[in-house]
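Quick note on my numbering: the sequence shown kicks off at 196 and runs consecutively.
Take a look at the structure below.
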Amino acid sequence: MSERSAIGTIALRAARLQRLLQRAQRPWTRYVERRALERYSALAGRLFAQLDRTGQGGLARATPQITAALITRSDVAVLLVNDLAAGPANQVLKLPLTAAACHSTTLHRQVLAELHAQPALRDFCTLVPQPLAWGVFEDQEYYLETALDGLAASDLVRQDRTPAALKREAVWAIRKLHLSTAQRRSVDALAFAKLAGDDLALLYRLGQHWPEPALLRDKLQSVEALLRRRLIGSELPFGWVHGDFWPGNLLVRPAGELSGIIDWDRALPGQLPLLDILHLFAYMRKMHRHIELGEAIVEYLLPAAFDAEERALMAESLAVYGLPADPEFLQAATWLYWLRFASANLVRYPKFQNDTFWLSRNVYTVLKRG
């Protein structure tokens, strides 16, 4: 066995051991989380009393009922609240627990405020939460918004109960955001740097320390050449995108219709609209097949990999956005999406930069097979 293979084997065994340790720690972790949620629920009660006294939050009563609570993987305590006499939760209270969570929650709130302020998005914003109150209470940052009805579509996808119309309704909905905010402009060298250049530079730098650096560099150069050829000099539509448009951020009613789009902290203006649609397609395939996102993305580099519904939705989207419909442009857009996904995760989660498993399935596989 070569030294490189041995290192890879050790890394995989270490990852398996880590998963076993995490499994053993789950009962204690659940106990600690339950006690923490009890404290946050008590704090929420005092906060609501304060909001009622000051006339903030639009509460119907001073002592709303907390119907559910959880701590997310992004370190936010989320409490579903009902301030009416009966019925489902109609508000969501978020208590960010780390500096990163506070930053993310602030971005989410600011994006929602921006979207709700645009008259052209009035219809679209029926699918978007409305900020109600925010600030600091007893040294804890808080953020209160309206609750949207429905369940996270990811729960249904994992149970193989995906609503038949989910993909279609989600694409039609997000296209309202894209089309209402899009502005066409020509892509020059500066715009290309923002679209792809900075992400390419990151992968070039990190790739020097990964296995087969010369091969990876050659593959990246081929990707860069394609992107430059198809993007620079083209007039393309750029507008707001959600940035994390996957089933976990889509809410659906019991009958299956789309009822909301949540978690807007990664939304950005001035982006190519196809990125949201490609992310939805790839993530749903990832979930159905239990594979890594990179393994799903590499399939979409071939037009034949789109299923019949995806091909129809993509053809519609290219037409309404006024984008080229040829296979090479779609391949370039898919590479741009992968580039954005890979670089964003490598920056957001630095441990991925040396994670053999993650890199092999989300970076190496894509570059070698693409």
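Glycine is no exception: its CB is placed at the ideal position from the N, C-alpha and C atoms.
Can you tell me the Cα-Cα spacing of Leu346 and Glu340, whole angstroms? 17 Å
Could you compute how far the alpha carbon of Leu290 sits from the alpha carbon of Tyr337? 5 Å
Does Ser555 pass the burial test, meaning 16 or more other C-beta atoms within 10 Å, or should it be called exposed? buried
Expected contact under 8 Å - CB spacing of Gln251 and Asn277 to nearest Å: Contact doesn't hold; Cβ gap of about 18 Å is too wide.
Determine the DSSP secondary structure at Arg199, reduced to helix, strand or coil. Low per-residue confidence applies at Arg199: pLDDT is 47, beneath 50, and the placement is therefore not dependable enough to give any value.
Between the C-alpha atoms of Asn549 and Leu410, what's the straight-line distance to the nearest angstrom? 18 Å
If you drop the 5 nearest sequence neighbours on each side, which residues of the same chain put their C-beta closer than 7 Å to that of Ala462? Val306, Trp435, Val436, His437 and Gly438
Rounding to the nearest angstrom, what Cα-Cα distance links Glu452 and Tyr478 in this structure? 19 Å
Could you check where the beta strand (DSSP E) with Arg380 kicks off and where it finishes? Gln378 to Ser381
Lys414 and Leu562 closer than 8 Å at C-beta: yes
If you reduce the DSSP assignment to three classes, tell me which class Asn285 lands in. coil
Pairwise C-alpha distance: Phe476 and Met196: Bear in mind that a pLDDT of 48 at Met196, under 50, signals an unreliable position, so the number given afterwards is only what the model happens to contain. Those two C-alpha atoms are separated by around 39 Å.
Minimum C-alpha distance to Leu401 - residue among Tyr235, Glu228, Arg230 and Ala537: Ala537
Simplified DSSP assignment, three categories, for Glu452: coil
Among Ala231, Val271, Arg370 and Tyr559, which has the Cα closest to the Cα of Ile170? Because residue 170 is not part of the residues shown, which for the chain are 196 to 565, the question remains open.
Any non-hydrogen atom of the ligand COA within 7 Å of Arg400 CB: Summarising the ligand content, the structure contains no ligands, and the ligand COA is consequently not present.
Counting Cβ pairs, one atom from each stretch, are 3 or more of them under 8 Å apart for the segment 418-430 and the segment 374-390? yes
Among the candidates Ser375, Ala308 and Lys389, whose CA atom is the shortest distance from the CA of Ala315? Ser375
Could you pull out every residue in the same chain whose Cβ sits closer than 8 Å to the Cβ of Cys297, ignoring the five residues on either side in sequence? Pro291 and Glu336
Can a CB atom of chain C be found closer than 8 Å to the CB of Pro283? Of the protein chains in this structure there is only one, and it is not chain C.
Looking only at C-alpha atoms, which of Thr300, Thr321, Arg363 and Ala348 sits nearest to Ile472? Arg363
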